[in-house]
Amino acid sequence: MFNFDETVLERLQTAKKIVFFSGAGISAESGVPTFRDDLSGLWAQYDPMQLATPEAFRRQPALVWGWYLWRRQRVRAAQPNAAHLALAQWQAAAGADRVICLTQNVDDLHERAGCSEVLHLHGNLFSSLCAECGQSVDEAALPKAHQTRAVDVEFDPNGQEITPPACRACGGHIRPGVIWFGEALDSQVLDRSFELSATCDVLIAIGTSGVVQPAAALPSIAREAGAYVMQINPQETPLDAVAHSNIRASAAQALPELYKHVHKGQ
Ligand code: APR
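Quick note, the sequence shown lines up with residues 1 to 266 if you use our numbering.
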């Protein structure tokens, strides 16, 4: 179905380090909504400034926490799709030091597909921490009503208010362990991402609109350092101008095909 350029395949076959840089689009076919698609994107339905900033959490902690419990539940119900599986297969075949999974996604679908190492630029949907003292809290240590694995009620997608649990150490509100707008990324994760992008042979951006900084700069960093940059996305994005080649297709269609072509005969 896909006609991949022979030179592209050769580059992928001989690459010592490939960075897969994923965004919400790779999870779209698992039923996890993206952020910026016109109709189904989360930010078409919700105002990010009311739900995904530290100020929003200070103002309306119950609204924000309730929305994140709904998102946790939604991701829990989703399964990795063919793109997540192909990437995991690629990493298993080549080794996690040669095939790097760098994601903006806070879901755990790369891990559940079998990726052994995943760098999460924007944090992890299932981790929690105290908004006051920063103490991290395992989901299993949260009261049962706040554990999406344990509850049998369905959280309301339209904004159910659920007061966050109190931190056992200081009494502050527990918040999700994701990076919100206006917050700094974990410096170790960010430094490692810059380094990997600057030292890889190929970077493949998959399913990202390429507009949220600093993550959106990674493909340019790779290109400027001499890497070959590819993009898999059914829509045009600002990364079209950065990528040497663009595959205009869904991730779940294109990535398994690309894997097969690169590994054929091996
Ligand atoms: N396969 C590949 N790409 C797809 C698919 C698909 N099946 N479906 C949609 N896409 C593409 C869209 O065309 C779009 O370019 O995925 C991209 C999704 O873009 P965003 O919703 O902006 O997601 P992302 O780039 O990951 O957002 C970055 O913004 O809101 C913050 O922290 C959040 O990590 C997120 C960051």
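Yeah, the Cβ is synthetic: ideal placement off N, Cα and C, and Gly gets one too.
Bounding residues of the alpha helix (DSSP H) (the contiguous stretch that carries residue 26):
Residue mapping note: residue 26 aligns to position 26 of the sequence shown, counting from 1. Element bounds for residue 26: 25-28.
Can you have a look at residue 81 and say buried or exposed, based on whether 16 or more other CB atoms are within 10 angstroms of its CB?
Stepping through the sequence shown from its first residue, residue 81 is reached at position 81. Residue environment: residue 81 is assigned as buried (16 or more neighbouring CB atoms within 10 Å of its CB, all protein chains considered).
Could you compute how far the alpha carbon of residue 45 sits from the alpha carbon of residue 264?
Translated into the one-based positions of the sequence shown, residue 45 becomes position 45. Translated into the one-based positions of the sequence shown, residue 264 becomes position 264. Those two C-alpha atoms are separated by around 43 Å.
Distance between beta carbons of residue 87 and residue 110, contact taken as under 8 Å
For this step, residue 110 is matched to residue 110 along the sequence shown. For this step, residue 87 is matched to residue 87 along the sequence shown. Your pair residue 110 and residue 87 checks out as a contact, with CB atoms roughly 7 Å apart and the cut at 8 Å.
Three-state secondary structure assigned by DSSP to residue 98:
Counting from 1 along the sequence shown, the entry for residue 98 is found at position 98. In this structure, residue 98 counts as coil in the three-state DSSP scheme.
By Cβ distance below 8 Å, which residues in the same chain neighbour residue 208 in space, the five residues on each side in sequence not counted?
Numbered from its first residue, the sequence shown carries residue 208 at position 208. Excluding residues within five positions, the ones whose Cβ falls inside 8 Å are 21, 22, 23, 24, 25, 104, 215, 216, 233, 237, 239.
Within a Cβ cutoff of 6 Å, which residues of the same chain sit near residue 73, ignoring the five residues on either side of it in sequence?
To locate residue 73, count along the sequence shown from 1; it is residue 73. If we look at residue 73 and ignore the five residues flanking it on each side, its Cβ neighbours are 148, 155.
Give a yes or no on contact between the segment 189-208 and the segment 238-253, applying the rule of three or more CB pairs nearer than 8 Å.
Note that the segment 189-208 touches the segment 238-253; at least 3 beta-carbon pairs, one per stretch, sit closer than 8 Å.
Counted within 10 angstroms of its Cβ, other Cβ atoms place residue 51 as buried (16 or more) or exposed:
Here residue 51 refers to the residue found at position 51 when the sequence shown is read from its first residue. So residue 51 counts as buried.
Within a Cβ cutoff of 6 Å, which residues of the same chain sit near residue 244, ignoring the five residues on either side of it in sequence?
If you number the sequence shown from 1, residue 244 lands on position 244. The beta carbon of residue 244 lies closer than 6 Å to those of 228, 229 in the same chain, with the five residues before and after it left out.
Let me know the secondary structure DSSP gives residue 250 once reduced to three states.
One-based indexing of the sequence shown puts residue 250 at position 250. The three-state secondary structure of residue 250, taken from DSSP, is coil.
Which same chain residues, not among the five before or five after residue 268, have their C-beta less than 6 Å away from its C-beta?
Any answer about residue 268 is impossible in this case: the structure gives the chain only from 1 up to 266.
Rounded to whole angstroms, what is the Cα-Cα separation between residue 194 and residue 202?
Locating residue 194 in the sequence shown gives position 194, counting from the first residue. Locating residue 202 in the sequence shown gives position 202, counting from the first residue. Spanning the two alpha carbons is a distance of roughly 14 Å.
Compare the C-alpha of residue 70 against each of 152, 185, 190, 235 and name the closest.
One-based indexing of the sequence shown puts residue 70 at position 70. For residue 70, the nearest C-alpha among the options comes from 152.
Give me, in chain order, the residues of the same chain whose beta-carbon lies closer than 6 Å to that of residue 257; leave out the 5 immediate sequence neighbours on both sides.
Along the sequence shown, read from residue 1 onward, the residue named residue 257 stands at position 257. Hits under 6 Å: 2.
Cα separation between residue 266 and residue 35?
Numbered from 1 along the sequence shown, position 266 holds the residue referred to as residue 266. Numbered from 1 along the sequence shown, position 35 holds the residue referred to as residue 35. In this model, residue 266 and residue 35 are separated by some 38 Å (Cα to Cα).
Thinking C-beta only, is residue 179 closer than 9 Å to residue 130?
The residue labelled residue 130 in the question sits at position 130 within the sequence shown. The residue labelled residue 179 in the question sits at position 179 within the sequence shown. Their beta carbons are not under 9 Å apart, which means residue 130 does not touch residue 179 by this criterion.
Who pairs with residue 267 in a beta bridge, going by DSSP?
Nothing in the structure corresponds to residue 267, since the chain is present only between 1 and 266.
Residue 173 (DSSP reduced to helix, strand or coil):
Counting from 1 along the sequence shown, the entry for residue 173 is found at position 173. Residue 173: strand per DSSP, three-state reduction.
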